[in-house]
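This report refers to the structure that appears directly beneath it.
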Amino acid sequence: MADSSITRVDVLAKALGKAKYTDDLKFDNMLYLKVVRCPHPHARVIGINKEKALAIEGVVAVLTATDIPGLPCQPKERPILVPEIARYAGDGVALVVAESPKAALEGAEAVRVEYELLEAVFDPEEALKTGAPLVHGDNNVAAQSKVCKGDVEAGFKEADLILEREYNTHRVEHAPIEPEVAIAVPTFEGITVYCPTNSPFQVRQIVAETMAMPQSQIRLFQPTIGGSFGSKCYDAGVLASRAALAAKLTGRPCKIVYTREESIVESTKRHPYKMKYKVGVKKNGKLTAMEVKIIGDSGAYKSKTPFVISRSSIEATGPYVVPNVHTEAICVYTNNVTSCAMRGFGSPQVAYASELLMDELAEKLGIDPLKFRRINGLKDNSLSATGQVMQNVTLDECLDKLEQEIKWSSRKAELKQQDKTGSIVKGLGLACMYRGESFGSAGQGSDYAGATLQVQRDGSITLYSAMSEVGQGGHTMLVRVVSEVLGIKPSRIFVSPVDTCYVPDSGPTVATRGTYVIGNAIRLAAEEVKAKFAEVAAEELGVRPEELVFKDERIYCPGDPSKSISFSRIAAQCYLKSKSPYGYGWWSPPVGSWDREKGQGEAYSSYVYGACAAEVELDLDLGKVEVMKFVAVHDVGKALDKEEVKGQIAGGVSMGIGYALMEDLVVRQGVVKTVNFDEYLLPTSLDIHEIIPVIVEQPSSYGPLGAKGLGEPVMSAVAPAILNAIADALGTRVYDLPANLEAVLDKARAAKGRCCND
Amino acid sequence: MIKEYYQPLKLAEALTFLSVFPGPVHILAGGTDLLVNMRKGQIKPEGIVDLSKIEELKTISQEGDNLSIGALVTFSELAAHPLVQELISVLACGAKAVGSPQIRNRGTVGGNIANASPAADLVPVLVALDGVAVIAKQNGLRKVPVAELIVGPYKTSLEPGEIIIRIEVNVPPKGTGMAYKKVGRRNALAISRLNGVCLLKLEDEIIKDVSLIIGSATPTPHRFTDVEEYLVGKNISQELLEEAGVMAREHVLAVTGKRPSSNYKLPVVERLTVRLLQVAWKGDKAYA
Ligand SMILES: Cc1cc2nc3c(=O)[nH]c(=O)nc-3n(C[C@H](O)[C@H](O)[C@H](O)COP(=O)(O)OP(=O)(O)OC[C@H]3O[C@@H](n4cnc5c(N)ncnc54)[C@H](O)[C@@H]3O)c2cc1C
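These protein sequences, in sequence, are chains A and B. Numbering of the first sequence is given in my numbering, commencing with residue 834 and proceeding in unit increments. Numbering of the second sequence is given in my numbering, commencing with residue 35 and proceeding in unit increments.
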């Protein structure tokens, strides 16, 4: 049953236009908000003159930080409204509340803010120098993380070849199709906030802190979400708090919705990294040592930076056995737009660098790049960079499938024969990835999930959790797990909307933890129901509970077909006999030991693996790259739904193509330049050619029904596979992202011996 | 604030409205540029005259050596029209290079000219075909070559009250080779980094006539007459095309001077020129 796909539980409402997004909601007497933002990257607010704005017809109030009853923010976090210092060109300074969106806009344009301009810093390396302008505290260090194993100097001595390389990855935008939005409705008891967020309890906490109200008095309701990719966590908290503040102070429902430009200017982005790698390798291909220095741009506030950088440092070597490792990662405050969580969360940057490095090493040693990965790849009982004994490693299985699917050797050989005298050349490249599931022991935050089931009198089921359906199919996954455990049809299971008043805290839907952690909580809840129902059924049937099987909507004794009763009958019996029809599950992943000083220990309780290959076609005259074919092999443990898995892979590959080739959030002197989709370029359907998803199923020891997470892994290896394919075609490498027209043309011309300035 | 929105069925009515409306008034064709500019607050019209219901501006017809294209013809209509496909396929290529299906269904030929973006995708084709814009005013008509109508980036010599009603282009003689290419950062919805069009008439391997434009490389699209003159009368060969490429690149450098984008654009201008000429010479399709 688990192999067949079921209809996604959210698909019909979305396809038919019946799903209600936050912007669709209307409340009587509703007011509209517009944010006044600081246009300067670093400035002190001297005065805010509201008079002109208040004189505009329809403007009800102009709110500033002094109106906040609670905290404007936690230390070093982005404030709801700036109390004194604006740290990036986009920080909110005032909030105009008006009867119409138009009046709010006019009001925002009429608010006069006087600033004292402060010296700003935009380059992370500059920001670390003594005397640099300070963004926070007495130095600009936002977070640091280390991983030290063995003795790298000794390792380099053993090496036959040492390679040093620098890689730069750029800043990109999440770009969910639905921009940020929130509506707050004041109630007699507190405030109800409607907000599309994938971290409902965290957003509720931020609102409670802003409003100095008990968390339980804030009710956060999650309407249909139009995508997140990590952007609707803290950013959503800021919007929800702004709406709540205005609602409480005016006593009326308040709506805040961003234009695309506002969203891009204000919201958080992926961390740009500069990565310096030094690696030693023996002639036989064995890695001996790796030294990695990462410097990341945290932007103006802390946000998830410490966790992102921690993951990057742990995964910096890639899925390879490196006996001696020294990784130092640091993230630095600047007056740029803030960096935060984004699909992959620190993995894609280091996967990019380490996979380009592996490819170049293989090339230098004359070893086939796929073979080179096998030589160094993690296997069962290998020691990871953090000294963890790895189990359930499926890198080799992934490489096997990749090799078969793309016919690696023969295709490589064919491409070697291609005529390279014309303007079109082809190349084939690969990349591997591994990734720790969920938050891990290194401390990405406490990792838990609660979930509840209620079986109704008719045997249909209501499922309660904080799993946020951001388009990834999370709700369908929960239904699948319950359906498997209780043997009932998915169509009889209803997923409750996320409402913090009713659903248990399942933690945020981030870090590829939805299936892994929340899936396990719902499994436990379903198992509790199963145990309770087995008792009731056993009594009815006159057998022992252990003898019973739950399947096809029935509970029966496999040995004796006459001993059988329908699931819904037992549900009714529970109510008749006053027995609980509820199940509750609470799950948290095993936590291993972790030595923070050295970055050694069991970083994550489980890992996922993948291997990808890209075939590209390059137009050497134009610098244009087409990814003609992309094969993505991922170990998903157990595909709870094959179509969902394929969809998730296709989405991740598309996003990775954008990351590799064209997406680029341009910021100059702290000001975002690419503020809409005419200039911030996402790939279109014409830029995506053949994507071949390949599924490996090696059951996980921890995931529900053996399943592993997939949302983030699918993005990690895409850019490096493409860049390695470009290198294969060109015979020379692009080291920095994105490999856009200019970068590729430059290398193509250099390779042909033409100077780029002639 | 928009005080009046007018959607006439006749050209004469539109012209009258334009001549009497007191405040700032703008013409709306497909609206794919106008509405973007309004949203950005770059223009604040008080009156709008919407031409989209004026059928007389939507026809495509052959008149002798000319093809006449109504200003309100959309990119989709242009690309699909049998006369265009039969006589001047390169026009269809230019039209198909624009934006996305949604934009092609709304955006018009007249709007592409009047907007005068240096990155416009159809305008270079019209200029390469020596297109002439027929412009109506309340009391008369005038004809101006498209190349002259566009006087600078986003600037035309259109006067208040004037409407482009159609464009007349030369139908190239039979056997003319044609090529068009757009270079964008992605394959749809891209602002051209460069585009180019080439028409080539050979007689016994001798170049009789050639029209060449690399668009999005200079502030206004214009025929590269220096390159064209060099080519005419010569025996076609790969070497000659390579020379033309170098000349085109020097042509652009002379017009624009060195700019940050030159590192990319200049070498591509050269290669694009060679490729357009090659396709026009040997290709069976107009797309380079
Ligand atoms: C998402 C998007 C993608 C795009 N992609 C491309 C692309 O790839 N290539 C490209 O070239 N363009 C592109 N454009 C720009 C635009 O679609 C074209 O310039 C189009 O031709 C404009 O035509 P329109 O009918 O929509 O003009 P409108 O927006 O209606 O008008 C544009 C301007 O011309 C004036 N005008 C219109 N018609 C006349 C007339 N008959 N007489 C006098 N003045 C007139 C208007 O007053 C206005 O100032 C894109 C636009 C968008 C929004």
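Ideal placement from N, C-alpha and C gives every residue a C-beta, glycine not left out. Predicted, not measured: the structure shown is a model, and the values here were computed from it.
Cutoff 8 Å: residue i Cβ touching any chain B Cβ
i	result
A/T1254	no
A/P1516	yes
A/M1461	no
A/E910	no
A/R1582	yes
A/L1574	yes
A/L1263	no
A/N1590	Its pLDDT being 42, under 50, A/N1590 is placed unreliably by the model, and the measurement read from it follows with that caveat. Output row for A/N1590: interface = yes.
A/D833	Outside the shown range of chain A (834 to 1591) lies residue 833 of chain A, about which nothing can therefore be said.
A/D1561	no
A/L938	no
A/L1455	yes
A/L1578	yes
A/M834	Legend: pLDDT at A/M834 = 41, less than 50; position of this residue unreliable, no value from coordinates given.
Distance CB(residue i)-CB(residue j) smaller than 8 Å
i	j	result
A/V1315	A/L1296	yes
A/V1222	A/L1228	no
A/P1152	A/G1084	no
A/D1474	A/I913	no
A/G1113	A/F989	yes
A/A1076	A/V1026	yes
A/V895	A/L864	no
A/G1544	A/T1345	yes
A/S1136	A/S1172	yes
A/G1491	A/P1526	no
A/Y1535	A/S1274	no
A/A1284	A/G1418	yes
C-beta neighbour in chain A for residue i, strict 8 Å
i	result
B/A63	no
B/P158	no
B/R257	no
B/I225	yes
B/Y39	no
B/V59	no
B/Y298	yes
B/R283	no
B/R309	yes
B/R293	no
Chain-order list of residues whose beta-carbon lies under 7 Å from that of residue i (same chain, five-residue window excluded)
i	result
A/F1366	I1388 and I1403
A/G983	P1156, N1157 and V1158
A/R1037	Q1048, I1051, L1053 and T1333
A/L967	N973
6 Å CB neighbourhood of residue i in its chain, flanking five on each side removed
i	result
A/A1447	G1262, V1460, F1463, A1554, I1555 and A1558
B/F258	L246, A282 and H285
B/G133	L223
B/D318	none
B/K171	G195 and E196
A/E1230	V1529
Cut-off 8 Å between Cβ atoms - residues of its own chain near residue i, not counting five sequence neighbours on either side
i	result
A/V1382	G1320, I1388, Y1389, C1390 and P1391
A/N1509	R1093, E1094 and I1097
A/I1024	A1017, V1018, V1040, M1044, M1046, Q1050, I1051, R1052, A1077, A1080 and K1081
B/P301	R283
B/A290	The sequence given here places Thr at residue 290 of chain B; Ala does not occur at that position. Closer than 8 Å at the Cβ level, and outside the excluded window around B/T290, lie A251, T252, P253 and S296.
Test: residue i CB closer than 8 Å to a CB of chain D
i	result
B/N221	Absent here is chain D; the protein component of the structure consists of chains A and B.
Residue i CB to nearest heavy atom of ligand 3 below 7 Å
i	result
A/V1098	Of the ligands one can find in the structure shown, namely ligand 1, none is ligand 3.
- prompt: Taking only runs of the alpha helix (DSSP H) that begin and end inside the stretch 933-1021 of chain A, which ones reach a length of at least 4 residues, in chain order?
  reply: 934-943, 957-961 and 985-991
- prompt: How would the residue list near ligand 1 read, in chain order, if you kept each one whose beta-carbon is closer than 5 Å to any heavy atom?
  reply: B/H60, B/I61, B/L62, B/A63, B/G64, B/G65, B/T66, B/D67, B/L68, B/A105, B/V132, B/G133, B/I137, B/G141, B/T142, B/G144, B/G145, B/N146, B/A148, B/N149, B/A154, B/D155, B/I197 and B/I198
- prompt: Hey, which unbroken runs of the alpha helix (DSSP H) at 4 residues or more fall wholly within the stretch 1048-1077 of chain A?
  reply: none
query: Fully enclosed by the stretch 1482-1566 of chain A, which beta strand (DSSP E) runs are 3 residues long or longer?
result: 1523-1529
task: Please go through the stretch 1441-1480 of chain A and give each complete alpha helix (DSSP H) segment of 4 or more residues, from N-terminal end onward.
output: none
task: Counting only runs of 4+ residues fully inside the stretch 1258-1337 of chain A, write out the alpha helix (DSSP H) ranges in chain order.
output: 1307-1319
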